[in-house]
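Below is one structure; the comments refer to it alone.
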């Protein structure tokens, strides 16, 4: 993919990010509602262009809290892997009230 997928705007990048996150949240809500309808069988699985398949996937994971409580640290510590990732938050600015 080349070029900028976002339309040109004069809106500040921080405000654009907040707008995009709001749109993503709305889309996730709509997706969750559709997904639940497919899982419960209240929505048809066959559309004009697409077919939905509902499957169950089972996986296992380690309960790290229980492991740290019940297994000596010398046993589990060599297997702990730490990673760091950037975390971007957006919050509405608090407007300043001017004294009259």
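In the numbering used here, the protein residues as written are 723 to 822. Think of the CB as a built atom: it goes at the ideal place given N, C-alpha and C, for glycine as much as any other residue.
(message) I need the straight-line Cα distance from residue 767 to residue 774, nearest angstrom please.
(response) Numbered from 1 along the chain shown, position 45 holds the residue referred to as residue 767. Numbered from 1 along the chain shown, position 52 holds the residue referred to as residue 774. So the two alpha carbons sit approximately 5 Å from each other.
(request) Pull up the CB-CB distance for residue 812 and residue 749, whole angstroms please, since I reckon it's below 8 Å. (result) Mapped onto the chain shown, residue 812 falls at position 90. Mapped onto the chain shown, residue 749 falls at position 27. Going by Cβ atoms, the distance from residue 812 to residue 749 rounds to 17 Å, so no, they are not a contact pair.
(request) Give the straight-line distance between the Cα atoms of residue 805 and residue 817, rounded to the nearest whole angstrom. (result) On the chain shown, position 83 is the one that residue 805 refers to. On the chain shown, position 95 is the one that residue 817 refers to. One C-alpha to the other measures close to 36 Å.
(request) Hey, could you find the ends of the alpha helix (DSSP H) residue 814 is sitting in? (result) Position 92 of the chain shown, counted from the first residue, corresponds to residue 814. For residue 814, no alpha helix (DSSP H) run applies, since DSSP gives it neither H nor E.
(request) Give the range of the alpha helix (DSSP H) segment to which residue 781 is assigned. (result) By one-based count along the chain shown, residue 781 stands at place 59. Element bounds for residue 781: n/a, residue is neither H nor E.
(message) Can you check which of these residues, 789, 808, 814 and 809, is closest to residue 802 by C-alpha distance?
(response) Looking up residue 802 in the chain shown gives position 80. Nearest C-alpha to residue 802: 789.
(request) Could you check the C-alpha separation between residue 781 and residue 741 for me, to the nearest Å? (result) Here residue 781 is taken as the residue at index 59 of the chain shown, counted from 1. Here residue 741 is taken as the residue at index 19 of the chain shown, counted from 1. One C-alpha to the other measures close to 35 Å.
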